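**Q**
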Amino acid sequence: TGRGGESVYGGKFEDEITRNLKHTGAGIVSMANSGPNTNGSQFFITLKSTPWLDGKHTIFGRIYSGMGVIQRFGMVATDSDDRPKTPITIHQATPFRGPPPSKQKQTPSSSHLAITATGT
51 TGRGGESVYG GKFEDEITRN LKHTGAGIVS MANSGPNTNG SQFFITLKST
101 PWLDGKHTIF GRIYSGMGVI QRFGMVATDS DDRPKTPITI HQATPFRGPP
151 PSKQKQTPSS SHLAITATGT
């Protein structure tokens, strides 16, 4: 819905900010929050370098494949509240620790995402 909700931890949880991880360009995946230690179930993906977010949002991944889809998200028309006028649905997001292994042997964990989506 884009409105958040309870996290898997139940309610809000503390920031896990790593100072050497920066919002250096497109494809960084970070936790959305409303201030320090208010992480929930929302995340965002950067479309460009956003250094003003460093130290304020926990970075937990980078888009490995499907960046063209993410770039199309950025072109969707939005309303006065900056919400998409057309629904966007992510059908599949596969997390990996490090670069994803070959297609024959994929073991999900964390760190990089491969995205498949519609609505753009």
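In terms of my numbering, the sequence shown is residues 51 to 170.
Ideal Cβ placement from N, Cα and C applies to all residues, glycine included.
Small disclaimer: the values here were computed from a predicted structure and weren't measured.
1. When you compare each of I78, H73, Y59 and L71 to N87 by their alpha carbons, which one comes out closest?
2. Cα-Cα, which of G124, D129 and R133 is closest to G77?
3. Closest by CA to K135, which one among Q142, A127 and G105?
4. Look at the Cβ atom of S57, then the Cβ atom of G85, and state whether they are nearer than 8 Å.
5. Contact defined as beta carbons within less than 8 Å: I believe R109 pairs with H73. What is the distance between those atoms, to the nearest angstrom?
6. Here's a check: name, in chain order, each residue in its chain whose Cβ is nearer than 7 Å to the Cβ of F93, leaving out the five neighbours to either side.
7. Where do the N-terminal and C-terminal ends of the alpha helix (DSSP H) with I120 fall, by residue?
**A** Working from what's here:
1. It is Y59.
2. The candidate whose alpha carbon is nearest that of G77 is G124.
3. A127
4. no
5. What sits at residue 109 in the sequence shown is Ile, not Arg. Sure, about 7 Å apart at Cβ, within 8 Å.
6. For F93, where only same-chain residues beyond five positions count, the Cβ hits under 7 Å are V79, S80, M81 and A82.
7. Element bounds for I120: M117 to F123.
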